[in-house]
Amino acid sequence: MLLSVLQQGAQGTTLQQLNNFLRTDAEQSRKTYSKIAQNIKKDTNSSIITELATKAFVNKGFEIKSEFKKTVVNDFYSDIQQLDFSDASFAAKQINAWVNKETHGKVDQIISKDMLGPSVQLVLANALFFKGSWSSPFSPEKTRNKSFKVDEDGKEVFVPTMHRMMFLRTGEMFTPGFKWAEIPFQGKQYVMLVLLPDEGKTLSTLVEHLATTDALTTIFNSKRRRNLDIALPKFKLSTKLDLIKPLKQVGIRDIFSKEKANLTGISEKPLYVSQIVHRVELSIDEKVAELPVLQELY
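Under the numbering used here, the letters of the sequence shown match residues 27 to 324, in that order.
1) What does DSSP give as the partner residues of asparagine 152 in its beta bridges?
2) Name the two residues that bound the continuous alpha helix (DSSP H) containing proline 166.
3) Please go through the same chain and pick out, in chain order, the residues whose beta-carbon is closer than 6 Å to the beta-carbon of leucine 267, but skip the five residues on each side of it.
4) For alanine 118, I'd like the list of residues in its chain whose CB is within less than 8 Å of its CB, leaving aside the five on either flank, ordered along the chain.
5) According to DSSP, is asparagine 65 part of a helix, a strand, or is it coil?
6) My understanding is that leucine 150 touches valine 31, with C-beta atoms under 8 Å, so please give their C-beta distance in whole angstroms.
7) Using a Cβ-Cβ cut-off of 8 Å (strictly less than) and excluding sequence neighbours within five positions of valine 146, which residues of its own chain qualify?
8) Restricting to Cα atoms, I'd like to know which of Lys168, Val183, Ser72 is closest to methionine 191.
9) I'd like to check one pair, alanine 207 with valine 254: are the Cβ atoms closer than 7 Å?
10) Please list the terminal residues of the continuous beta strand (DSSP E) segment that includes glycine 197.
11) Within the chosen definition, does the region 152-163 reach the region 72-86 through at least 3 CB pairs nearer than 8 Å?
12) Where do the ends of the beta strand (DSSP E) carrying isoleucine 256 lie?
13) Would aspartate 134 be called buried (16 or more neighbouring beta carbons within 10 Å of its own) or exposed?
14) Would you check if the distance between the CB atom of glutamine 107 and the CB atom of glycine 291 is smaller than 7 Å?
15) Using 10 angstroms around the beta-carbon of aspartate 280, count the other beta-carbons present and answer buried if the total reaches 16, otherwise exposed.
16) Using three-state DSSP, classify serine 326 as helix, strand or coil.
17) Restricting to Cα atoms, I'd like to know which of Val125, Lys214, Gln33 is closest to aspartate 69.
18) Return the CA-CA distance between leucine 289 and glutamate 198, expressed in angstroms with no decimal places.
19) Can you give the beta carbon distance from leucine 221 to phenylalanine 204, rounded, assuming they're within the 8 Å contact cut?
20) Taking the alpha carbon of alanine 63 as the reference point, which residue from Ser92, Asp101, Thr243, Glu307 has its own alpha carbon closest?
21) By the 10 Å Cβ neighbour count, where 16 or more other Cβ atoms means buried, how is asparagine 115 classified, buried or exposed?
22) Per DSSP, what kind of secondary structure is proline 373 in: helix, strand or coil?
23) How far does the beta strand (DSSP E) with proline 272 in it reach, from first residue to last?
24) DSSP on lysine 286, reduced to helix/strand/coil?
25) Sort Ser293, Pro166, Tyr298, Val319 by Cα distance to glutamate 93 and report the nearest one.
26) By a C-beta neighbour count over all protein chains shown, 10 Å radius and 16 as the cutoff for buried, is lysine 132 buried or exposed?
27) Just curious, the alpha helix (DSSP H) that phenylalanine 246 is in, first and last residue?
28) Would you report the Cα separation of valine 276 and phenylalanine 47, rounded to the nearest angstrom?
29) Using beta-carbon positions only, say whether methionine 188 and phenylalanine 211 come within less than 7 Å of one another.
30) Whole angstroms are fine: how far does the CA of isoleucine 270 sit from the CA of lysine 95?
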């Protein structure tokens with residue numbers, strides 16, 4: 027999400043790298059995000075909670091170009107708040123308070139005062155909160171402990187595993203080798219896409235394939251449905267990732283370089299990205315799935 031925001035203020039090679047990764051230009055990104063945000067606001071399904079929020083925290087005295095500000099407010103539905111980053115403790119508390127509110131208390135901290143160094147002028151944050159009830163809930167009586175591989179070395183742990191027969195959209199891809207199924211939530215407007223690598227295939231290969239091909243488009247266009255015996259782990263997952271290294275690996279490099287970053291559509295003053303953090307808190311049980319997602323860059 028935040029890369030789409032940066033796209034609006036990027037120019038030259040910096041913009042081209044973002045376009046290549048996002049597979050679209052700045053205008054289409056803006057329209058797509060705006061449409062998603064509007065659809066979420068219009069959603070009246072009481073069994074689903076979906077919220078999307080973006081906010082820009084700007085250092086006192088740092089000037090943002092009016093055109094970028096207009097785009098962020100009107101198309102990305104973002105608030106802009108000015109803070110005095112020289113009072114790093116207070117600024118961090120304000121940013122974390124917003125994060126806590128937008129994730130319904132599931133994420134209480136994304137930034138510390140030590141991260142707001144003298145070179146930081148702008149903090150962009152994006153929060154997505156989703157909580158949905160399954161269209162066909164799992165029966166707790168059928169939940170049993172089963173082995174589950176947790177890494178590519180074959181390490182296994184025993185986890186509570188939910189079971190249910192379902193008639194679902196499903197399919198498989200022989201390259202790189204995985205099966206998939208969509209599990210719908212009530213109202214069937216939203217689904218959870220489950221991907222399972224074939225035996226001997228690695229998760230990292232699957233993720234790379236999804237990031238560099240049109241595999242997801244193929245999946246979403248598939249019409250095949252059949253009965254499946256679904257075995258889904260019941261779990262809570264918390265992870266915080268620094269995205270700089272993986273983004274560099276897929277070709278986004280200039281925004282992280284003080285010398286090469288061209289974000290002159292945001293401000294006349296030089297800007298580059300020093301950190302981009304992605305945090306996820308995922309919880310799945312027999313009745314609901316809950317997913318707060320938080321991204322922040324500065």
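Here a beta-carbon is modelled for each residue, glycine too, at the ideal position from N, C-alpha and C.
In brief:
1) Against the sequence shown, residue 152 aligns to sequence position 126. Answer is Thr80, Gln321, bridged to asparagine 152.
2) One-based indexing of the sequence shown puts residue 166 at position 140. Annotation: proline 166 is outside any alpha helix (DSSP H) and is labelled neither H nor E by DSSP.
3) Mapped onto the sequence shown, residue 267 falls at position 241. So the qualifying residues of the chain are His304.
4) Residue 118 sits at position 92 when you count from the first residue of the sequence shown. The residues are Ile137, Ser138, Lys139, Met141, Leu142.
5) As a working note, residue 65 is residue 39 in the sequence shown. Of the three classes helix, strand and coil, the one that applies to asparagine 65 here is helix, per DSSP.
6) For the purposes of this step, residue 150 is identified with residue 124 of the sequence shown, where counting begins at 1. For the purposes of this step, residue 31 is identified with residue 5 of the sequence shown, where counting begins at 1. That pair is a contact at about 6 Å.
7) The residue given as residue 146 occupies position 120 in the sequence shown. Hits under 8 Å: Asn85, Phe111, Ser300, Tyr324.
8) What you label residue 191 is simply residue 165 of the sequence shown in a count that begins at 1. The candidate whose alpha carbon is nearest that of methionine 191 is Lys168.
9) By one-based count along the sequence shown, residue 254 stands at place 228. By one-based count along the sequence shown, residue 207 stands at place 181. Before going further, note that residue 254 is leucine rather than valine in the sequence given. The answer is yes: Cβ separation under 7 Å.
10) Here residue 197 refers to the residue found at position 171 of the sequence shown. Following the DSSP letters along the chain, one finds glycine 197 inside the beta strand (DSSP E) bounded by residues 182-199.
11) Touching, yes.
12) Working through the sequence shown from its first residue, we reach residue 256 at position 230. Unbroken beta strand (DSSP E) run through isoleucine 256: 251-259.
13) Taking the first residue of the sequence shown as 1, we reach residue 134 at position 108. When all chains shown are included, aspartate 134 counts as exposed.
14) Locating residue 107 in the sequence shown gives position 81, where the first residue counts as 1. Locating residue 291 in the sequence shown gives position 265, where the first residue counts as 1. Contact: no.
15) Your numbering for residue 280 matches position 254 in the sequence shown. Buried, since its Cβ has 16 or more Cβ neighbours within 10 Å.
16) This structure cannot settle anything about residue 326, because the visible part of the chain is limited to 27 through 324.
17) For the purposes of this step, residue 69 is identified with residue 43 of the sequence shown, where counting begins at 1. If we check each option's Cα against that of aspartate 69, Lys214 comes out closest.
18) The count along the sequence shown starts at 1 and reaches residue 289 at position 263. The count along the sequence shown starts at 1 and reaches residue 198 at position 172. Looking at the two C-alpha atoms, the distance is approximately 41 Å.
19) Taking the first residue of the sequence shown as position 1, residue 221 is located at position 195. Taking the first residue of the sequence shown as position 1, residue 204 is located at position 178. The beta-carbon distance between leucine 221 and phenylalanine 204, rounded to whole angstroms, is 6 Å. This is short enough to meet the 8 Å contact definition.
20) Indexing the sequence shown from 1 puts residue 63 at position 37. Restricting attention to Ser92, Asp101, Thr243, Glu307, the CA atom closest to the CA of alanine 63 is found in Asp101.
21) Translated into positions along the sequence shown, residue 115 becomes position 89. Note that residue 115 corresponds to serine in the displayed sequence, not to asparagine. Burial call: exposed.
22) The question about residue 373 has no answer here: the residues shown for the chain are numbered 27 through 324.
23) As a working note, residue 272 is residue 246 in the sequence shown. Counting along the chain, proline 272 falls outside any beta strand (DSSP E), though it belongs to the alpha helix (DSSP H) covering 270-275.
24) Here residue 286 refers to the residue found at position 260 of the sequence shown. Coil, per DSSP.
25) Here residue 93 corresponds to residue number 67 of the sequence shown, with the count starting at 1. Cα-wise, what sits closest to glutamate 93 is Ser293.
26) Residue numbering aside, residue 132 sits at position 106 when the sequence shown is read from its first letter. Lysine 132 should be labelled buried.
27) Translated into positions along the sequence shown, residue 246 becomes position 220. 241-247 is the span of the alpha helix (DSSP H), which, as asked, contains phenylalanine 246.
28) The count along the sequence shown starts at 1 and reaches residue 276 at position 250. The count along the sequence shown starts at 1 and reaches residue 47 at position 21. Distance between the alpha carbons of valine 276 and phenylalanine 47 is about 7 Å.
29) As a first step, residue 188 must be located in the sequence shown, where it is residue number 162. As a first step, residue 211 must be located in the sequence shown, where it is residue number 185. Methionine 188 is not a Cβ neighbour of phenylalanine 211, given a cutoff of 7 Å.
30) The residue labelled residue 95 in the question sits at position 69 within the sequence shown. The residue labelled residue 270 in the question sits at position 244 within the sequence shown. A direct Cα-Cα distance of roughly 25 Å separates lysine 95 from isoleucine 270.
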